[in-house]
Amino acid sequence: MKYSDQIGAWLQAAGYTHYFYVGGGNIMHLTESLDRYLTGVPVVHEVAAGIAAEYFNEISTSGKALALVTTGPGITNIVTAISGAWLESRELLVIGGQVKTSDLSRGQVRGRGIQEVDGVALLSSTTKAAYRFEAPIGADAFLGLIEQSWTPRKGPVFLEMPLDVQAAPVEEVPLPNIKPAGLAKAGDEDIARVAELYREASRPILLIGGGVDVETATRLGDRIAKLGIPVMTTYNGADRFDGDAANYLGRPNTWGQRSANIVIQRSDLIIAVGTRLGLQQTGFNWQEFGREAQIVQVEIDPGELTKGHPSIDVGILADANDFLERLVAFDLPSKADWLASAHLVRRSVPRIEDVNQTGAGFLSPYEFILALETQTTANDLIIPCSSGSAFTLSMQLYKQKLGQRILTNKSLASMGYGLSGAIGAAIAGQPRRTILIEGDGGFAQNMQELGTVAINRLNLKMFIFDDQGHASIRMTQRNYFGGKYLGCDGASGLGLPNWDRLFDAWNLPVMRLPLDFTNDADFQARMTEPGPSVFIVPIDPEQTYFPKISSRITAAGSMESNPIDRMSPEIDYLTKVGSEG
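Dropping the structure here:
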């Protein structure tokens with residue numbers, strides 16, 4: 001058989017069901033062969049192929065997706081998607097084409113083959129494995145390469161396959177059986193030690209990250225609730241618990257919920273499970289994260305335990321899921337008084353603070369998120385974009401329902417992720433409804449993928465913040481440079497489309513939301529009927545976004561970021577809480 005046919009058979013045996021791709025001459029054999037084994041989803045731009053595959057893999061419960069791109073621009077165009085999957089520790093297999101082995105420049109000249117780019121050299125720093133095929137390799141070696149993508153710590157794998165290797169004749173052989181990954185497990189003494197720390201603590205917090213699987217969190221949720229364990233989640237773990245659960249205390253983060261930030265800073269024990277505790281989680285002033293707490297971190301990557309920020313008291317190299325299951329098997333004592341105190345803080349800090357003003361005729365983005373929350377169901381897939389106000393407000397305000405999936409890529413925080421990610425989620429989760437919340441600047445970066453939405457008739461509801469530019473950049477320039485705007489709106493040279501007219505090009509239904517949109521019959525009909533719909537959210541271009549972390553001048557005269565519980569503007573929540581708080 002042709003080697004590209006063998007690759008298709010091996011990928012199918014490895015559990016791959018879909019591939020997102022842009023065709024090209026240097027992947028012509030792979031494109032034709034994979035069609036016999038997997039479902040191909042053509043996209044308009046290669047970056048969308050990578051992002052869609054990443055989100056597909058996070059949502060799917062019955063298959064995997066990969067991205068297939070050609071050499072040269074195909075590879076350079078997908079670099080952003082590979083970088084995002086690398087930073088978020090997510091599974092992503094990318095197969096790239098290459099010129100014939102006889103046409104490779106091999107460093108002697110800049111390029112010999114047409115469109116030749118050394119993808120392996122380009123992507124080695126952001127992949128777990130980057131490999132060029134000089135000749136067909138066997139089944140064992142192939143499996144050894146691709147399984148690195150889904151084994152801890154997950155991450156992208158890039159395979160570069162020259163055209164003549166794709167077409168080479170080979171004898172067909174099966175892929176070896178895939179063995180479960182051997183995960184590090186915490187020792188019994190480690191589990192017992194953390195359980196004892198929990199018993200001794202007065203104000204413990206269990207901080208759940210994306211390293212804890214949805215299935216594990218769902219299965220253990222009742223047990224954790226029965227024990228009354230105070231739970232918080234990172235952004236990547238946001239959909240692991242119900243937002244209204246009696247033991248749930250929110251999402252702390254640099255752009256997190258003010259009440260959650262206050263509560264975690266008042267704790268005396270933080271058990272961080274399946275989170276790397278990056279700077280977005282701890283705040284840039286990581287020295288003050290958990291200032292009164294002992295910090296336990298359970299991580300699969302030893303580098304995250306020894307990086308030095310934040311300072312941890314107990315580091316455990318172990319699978320987060322196994323650790324959590326064994327920890328909650330202990331008979332842990334109730335922390336009812338602490339839960340009551342924490343909820344009192346949460347109630348005393350309003351979800352929408354009156355510091356922000358919205359001009360007449362515009363929807364407050366804060367009120368929009370809370371109103372949209374009432375229109376979603378437990379079966380929805382929620383895709384906040386990855387940067388800007390649409391992202392930060394969604395993650396700061398939206399109260400998740402158990403059963404929903406919430407997915408973003410906050411680590412790269414690249415504009416343009418929302419639509420491509422929503423496409424991958426919608427295909428993986430169909431017929432579930434997918435809801436995208438995106439800013440106009442971010443949407444414009446990959447709006448060509450509306451063609452992918454339209455031709456596949458995805459059940460995707462797209463909400464676009466129309467604030468006529470880059471809101472977060474505009475606010476930064478207003479705060480730091482006295483309103484000297486550069487490249488953030490039409491007046492400063494940024495050209496965005498007329499949103500009300502754009503979608504006719506793809507025959508997609510669009511409506512501009514009225515201020516009372518939840519009571520609008522047209523809106524309700526579009527939200528409930530299957531298929532794609534676009535909703536333009538009128539946002540004040542001068543809208544402000546508070547609370548947020550700001551910097552302050554220290555006694556020595558230098559600038560220092562505030563800790564996460566001192567968001568600007570500062571508030572006196574203790575007056576509302578009273579002496580109990």
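Residue 1 is where the sequence shown starts when you use the numbering used here, and the numbers rise one by one after that.
Think of the CB as a built atom: it goes at the ideal place given N, C-alpha and C, for glycine as much as any other residue.
message: Output needed for Ser599: all residues of its chain with C-beta closer than 7 Å, excluding positions within five of it in sequence on either side, in chain order.
response: Residue 599 is absent from the model: the chain starts at 1 and stops at 581.
task: Could you say if the stretch 306-317 and the stretch 328-336 meet the contact criterion of at least three C-beta pairs nearer than 8 Å?
output: no
- request: Tell me whether Ala85 sits in a helix, a strand or coil according to DSSP, three-state version.
  value: helix
- prompt: Which of the three DSSP states, helix, strand or coil, is assigned to Phe481?
  reply: helix
contact_flag[the stretch 64-74, the stretch 92-103] where n(CB pairs < 8 Å) is 3 or more: yes
message: Need the endpoints of the alpha helix (DSSP H) that Ala336 sits in, please.
response: Ala336 to Ser348
task: Compute the distance between the beta-carbons of Ser420 and Ala52, then report whether it is under 9 Å.
output: yes
query: If you check the beta carbons only, do Pro497 and Met447 fall under 9 Å apart?
result: yes
query: If you draw a straight line from the alpha carbon of Lys317 to that of Asn379, how long is it in whole angstroms?
result: According to the sequence provided, residue 317 is Leu. The question's Lys does not apply to it. Cα-Cα distance, rounded: 34 Å.
- request: Identify which residue in Thr452, Leu460 and Glu438 has its Cα closest to the Cα of Pro431.
  value: Leu460
Endpoints, beta strand (DSSP E) assigned at Arg512: Val510 to Arg512
- request: Tell me, please, which residues DSSP counts as bridged to Ala130.
  value: Phe158
query: Around the C-beta of Ser149, are 16 or more other C-beta atoms found within 10 angstroms, so that it is buried, or is it exposed?
result: buried
task: Give me whichever residues DSSP pairs with Val314 in a beta bridge.
output: Val296
field: Alpha-carbon spacing of Ser259 relative to Ala525, whole angstroms
entry: 36 Å
message: Considering only the alpha carbon of each residue, which of Gly490, Thr126 and Gly429 lies closest to Glu58?
response: Gly429
message: Any contact between the stretch 112-122 and the stretch 72-84? By contact I mean 3 or more CB pairs, one from each, below 8 Å.
response: yes
task: Tell me, to the nearest whole angstrom, how far the beta carbon of Tyr198 is from that of Leu104; I am working on the premise that it is less than 8 Å.
output: Not confirmed; about 58 Å, so no contact.
- prompt: If you count every other CB in all the chains shown that lies within 10 Å of the CB of Glu580, and 16 or more means buried, which is it?
  reply: The pLDDT assigned to Glu580 is 48, lower than 50, so where the model puts this residue is not dependable, and the model offers no usable value.
task: Could you tell me which residues DSSP puts in a beta bridge with Trp18?
output: The question names Trp, but residue 18 is His in the sequence shown. Beta-bridge pairing links His18 to Thr39 and Ala65.
message: Does Ser334 pass the burial test, meaning 16 or more other C-beta atoms within 10 Å, or should it be called exposed?
response: exposed
task: Can you have a look at Met559 and say buried or exposed, based on whether 16 or more other CB atoms are within 10 angstroms of its CB?
output: exposed
Same chain, Cβ closer than 7 Å to Gly221, five either side skipped, listed in chain order: Phe241
- request: From the DSSP output, in three-state form, read off Arg405 for me.
  value: strand
- request: Pull up the distance between the alpha-carbon of Arg512 and that of His45, whole angstroms please.
  value: 28 Å
query: Distance, Cα to Cα, Ala293 vs Ala340?
result: 19 Å
- prompt: Who are the Cβ neighbours of Thr31 in its own chain at under 6 Å, not counting the five residues just before and after it?
  reply: Gly23
- prompt: Any idea what DSSP makes of Val212, helix, strand or coil?
  reply: coil
task: Would you list the one or two residues that DSSP bridges to Asp466?
output: Pro538
query: What residue range is occupied by the uninterrupted alpha helix (DSSP H) comprising Glu91?
result: Neither: Glu91 is in no alpha helix (DSSP H) and is coded neither H nor E.
task: Would you kindly report the start and end of the unbroken alpha helix (DSSP H) that includes Leu458?
output: Neither: Leu458 is in no alpha helix (DSSP H) and is coded neither H nor E.
- prompt: What does a CB cutoff of less than 7 Å around Asp500 pick up in its chain, not counting 5 residues either side in sequence?
  reply: Val510, Arg512 and Ile536
query: Between which two residues does the alpha helix (DSSP H) containing Glu373 stretch?
result: Pro365 to Glu373
query: How about Met462 and Gly256: do their beta carbons lie closer than 9 Å?
result: no
- prompt: At what residue ranges does the stretch 235-293 contain a whole run of the beta strand (DSSP E), taking only runs of 3 or more?
  reply: 269-273
message: Restricting to runs no shorter than 4 residues, where is the alpha helix (DSSP H) found entirely within the stretch 159-191?
response: 163-166
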